[in-house]
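A short write-up of the structure that comes next.
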Amino acid sequence: MAENQEWVELTVTVPVAAQDLVVDWLLEAGASGVQESYPGLFPADGEGEVISGDPSEWWGEAPKNKSGKVDLTAWLPKSYLSLENDFQGFLQRLEARFPGILAHKVSIENVPAQDWNANWKATWKPTAIGMRLMVCPSWEEPPETDRIVMRIDPGMAFGTGTHFTTASCLSLIEEIVEKTTVDSLLDVGTGSGILAIGALLLGVKRAVGIEVDLDALAEARENAVRNGVADRMTVTSAGVGSGEGQFDVVVANLVAHTIVRLAKPICQAVADGGWLILSGILAEHEETVDREIQAHGLKRHASMTEDSWVTLLYRP
Amino acid sequence: MGKKIVGQIKLHIKAGKATPQPPIGPALGQAGVNIMEFCKAFNARTASIGDATVPTIITVFSDKSFTFVTKAAPVSESVRKAAGIDKGSKLPGRDSAGKITKSQVQKIAEAKMADLYAIDLEGAMRTVEGTARSMGIEVVEG
Ligand SMILES: C[S@@+](CC[C@H](N)C(=O)[O-])C[C@H]1O[C@@H](n2cnc3c(N)ncnc32)[C@H](O)[C@@H]1O
Chain G
392 MAENQEWVEL TVTVPVAAQD LVVDWLLEAG ASGVQESYPG LFPADGEGEV
442 ISGDPSEWWG EAPKNKSGKV DLTAWLPKSY LSLENDFQGF LQRLEARFPG
492 ILAHKVSIEN VPAQDWNANW KATWKPTAIG MRLMVCPSWE EPPETDRIVM
542 RIDPGMAFGT GTHFTTASCL SLIEEIVEKT TVDSLLDVGT GSGILAIGAL
592 LLGVKRAVGI EVDLDALAEA RENAVRNGVA DRMTVTSAGV GSGEGQFDVV
642 VANLVAHTIV RLAKPICQAV ADGGWLILSG ILAEHEETVD REIQAHGLKR
692 HASMTEDSWV TLLYRP
Chain W
89 MGKKIVGQIK LHIKAGKATP QPPIGPALGQ AGVNIMEFCK AFNARTASIG
139 DATVPTIITV FSDKSFTFVT KAAPVSESVR KAAGIDKGSK LPGRDSAGKI
189 TKSQVQKIAE AKMADLYAID LEGAMRTVEG TARSMGIEVV EG
């Protein structure tokens with residue numbers, strides 16, 4: 392994902408009946424998505440404001456959209472220069488079926504590249520994970536604690552420790568490190584690098600983080616430096632099974648279908664007597680993943696679950 | 089229980105391809121939701137759908153947690169697929185000639201009944217046909 396991409400934001404008011412066609416046109420024109428809003432409409436019994444969306448899809452009594460109109464906002468690449476012309480031309484063709492559609496102003500504004508996660512970041516506070524670790528946002532003063540503090544700036548990468556899939560993987564790594572000596576760890580889909588860095592801080596000697604997203608790759612490297620473990624951590628975009636050998640612990644917090652697709656090289660990377668931790672799996676996909684991993688000769692050892700997420704532990 | 093709802097957001101986004109960029113970035117950022125967490129959950133749930141746009145309604149709670157539901161793809165997308173018109177093979181807005189049969193119309197109408205605010209199948213089919221015509225697609229018997 393290109394973090395620096397610049398966008399234009401197009402906003403238009405259209406009759407609800409024309410919405411589908413307009414959304415379709417915008418998506419075909421290259422919009423990354425479209426947001427629906429019904430300003431001035433509030434759900435009858437909701438506690439807060441509807442930021443966008445149709446309150447009739449809310450529970451309770453549906454409020455009536457007296458205006459019969461909807462605001463649509465779409466984001467398109469700034470490089471689409473004839474957007475305004477093309478869109479007006481499209482509205483002109485719709486005018487016959489939806490008289491008056493041309494009367495509404497179309498607004499097109501530049502949106503500078505920015506960190507959309509900034510609001511959320513402001514609410515992210517130091518979090519204890521397992522028995523020994525404390526994840527602390529890189530911009531926050533670490534609290535007084537006996538725990539090992541790990542400083543993370545996820546940037547636009549995944550991995551802050553607040554998500555169950557990350558926290559459960561870290562707890563399992565901690566348990567394994569308590570039990571045995573772990574020399575090496577492979578982290579497939581390292582994101583912010585949090586799992587590999589956490590493992591190194593817990594005493595694992597060396598770690599390799601694999602990542603396909605180039606933005607995340609850079610964040611993982613910076614986080615390794617931030618925590619003083621860069622000399623023991625390799626971050627790479629090389630695919631799993633491209634010659635990094637075997638590891639005492641392999642952890643992969645991915646989505647189920649990627650795990651299934653990469654099952655063979657992932658399983659082969661687990662050393663004899665080692666451990667495999669899998670996460671990012673929705674309960675409905677657990678069976679498929681489990682079957683695939685057992686088919687590669689590993690045995691299920693334990694599992695953890697919260698909400699609809701499942702984390703699985705295997706051994707050869 | 090007892091979690092307060094602070095907002096609801098509706099987006100049309102690509103199945104399995106959520107990123108922290110617009111529209112998810114600005115829409116969820118404004119609500120204070122952890123965007124990466126949403127992207128992960130959304131992609132996990134929709135990756136198997138393939139190349140399609142999914143109308144998605146996200147409900148945000150006071151502790152910044154969220155839930156979301158996805159709905160059936162919009163009529164126009166189903167129509168375009170049924171008519172076999174390739175994505176990107178036409179300039180946006182340019183009328184694209186294509187054909188769709190009555191029975192295809194009926195299938196789409198059935199799948200979308202709940203979302204079309206139509207009282208009966210006939211009404212839903214008329215809406216689908218109207219959409220097809222506005223897209224320059226002809227409805228034929230069959
Ligand atoms: C859910 S995040 C996990 C981040 C971190 N390890 C954690 O547990 O919080 C999954 C990461 O895997 C990356 N990824 C997805 N497919 C991949 C693949 N085939 N190979 C390597 N990385 C992949 C994604 O870019 C994303 O950063």
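From first to last, the protein sequence lines are chains G and W.
Mapping of the first sequence onto my numbering: residues 392 to 707, in sequence order.
Mapping of the second sequence onto my numbering: residues 89 to 230, in sequence order.
No residue lacks a Cβ here, since even glycine has one placed at the ideal position from N, Cα and C.
Neighbourhood of ligand 1, defined by CB distance below 7 Å to any of its heavy atoms: A548/G, F549/G, G550/G, H554/G, T556/G, T557/G, C560/G, D578/G, V579/G, G580/G, T581/G, G582/G, S583/G, I585/G, L586/G, I601/G, E602/G, V603/G, D604/G, A607/G, G630/G, V631/G, N644/G, L645/G, T649/G, L653/G, S670/G, G671/G, K128/W, in chain order. For K187/W, the closest alpha carbon among the candidates K200/W, A171/W, M201/W is that of A171/W.
Here DSSP, grouped into helix, strand and coil, assigns L576/G to strand. The shortest C-alpha to C-alpha distance from K159/W to any of I112/W, F126/W, I145/W is the one to I145/W. For E226/W, there are no C-beta contacts with chain G under 8 Å, since the nearest C-beta of that chain is about 16 Å from it. Interface flag for A140/W against chain G is unset, since no Cβ pair is found closer than 7 Å. When only Cα atoms are considered, S473/G and Q637/G end up about 53 Å apart.
When rounded, the separation of the alpha-carbon atoms in H648/G and T679/G is 9 Å. Among the residues of the segment 533 to 548 of chain G, those with a Cβ less than 8 Å away from any Cβ of chain W are P545, M547, A548, in the order of the chain.
W507/G and V227/W have their C-alpha atoms some 44 Å from each other.
Of all residues in the segment 122 to 136 of chain W, the ones placed with a Cβ closer than 7 Å to any Cβ belonging to chain G are N122, I123, M124, E125, K128, N131, A132, R133, A135, S136, in chain order. Taking L608/G as the centre and dropping the five residues before and after it, the same chain places the C-beta of E602, V626, S628 closer than 7 Å to its C-beta, in chain order.
In terms of beta-carbon proximity, E427/G lines the interface with chain W, with at least one pair separated by less than 7 Å. With a 10 Å radius around the Cβ and a threshold of 16 neighbouring Cβ atoms, T514/G comes out exposed. Between the segment 101 to 110 of chain W and the segment 135 to 142 of chain W, the count of Cβ pairs shorter than 8 Å is three or higher; the stretches touch.
Note that the C-beta distance between G421/G and L463/G is not below 7 Å. By the Cβ rule, the segment 122 to 139 of chain W counts as touching the segment 548 to 556 of chain G, because three or more pairs are nearer than 8 Å. Taking 7 Å as the threshold, the shortest C-beta distance from L412/G to chain W falls below it. CA-CA distance, A693/G to V641/G, rounds to 15 Å. Here S164/W has T219, M223 as same chain residues with Cβ atoms under 8 Å from its own Cβ, once five neighbours each way along the sequence are excluded. Identification of residues in the segment 99 to 117 of chain W having a C-beta nearer than 8 Å to some C-beta of chain G yields L99, H100, I101, K102, T107, P108, Q109, P110, P111, I112, G113, P114, A115, L116, G117, given in sequence order.
Contact annotation: G580/G and N644/G have beta-carbon atoms nearer than 7 Å.
Here E419/G carries a helix assignment [DSSP, helix/strand/coil]. In this structure, DSSP gives N501/G an extended state, which the three-state scheme calls strand. Between G550/G and G582/G a beta carbon distance of about 4 Å is seen, short of the 8 Å cut, so the two are scored as contacting. Here DSSP, grouped into helix, strand and coil, assigns L653/G to coil. Going by beta carbons, V407/G and G459/G fall inside the 7 Å limit.
As for any alpha helix (DSSP H) of minimum length 4 sitting wholly inside the segment 491 to 569 of chain G, the runs are 509 to 514, ordered along the chain.
Residues of the same chain with a CB within less than 6 Å of the CB of P656/G, apart from the 5 flanking positions on each side, are V631, G632 in chain order. Look at V193/W: its C-beta is not under 7 Å from any C-beta on chain G. The C-beta of G120/W comes closer than 7 Å to at least one C-beta of chain G. Contact between A132/W and L673/G holds: CB atoms are separated by about 5 Å, below the 8 Å threshold. Judged by DSSP in its simplified three-state form, E427/G adopts strand. For chain G, the residues of the segment 158 to 170 of chain W that bring a beta carbon within less than 8 Å of one of its beta carbons are P162, V163, S164, E165, R168, in chain order.
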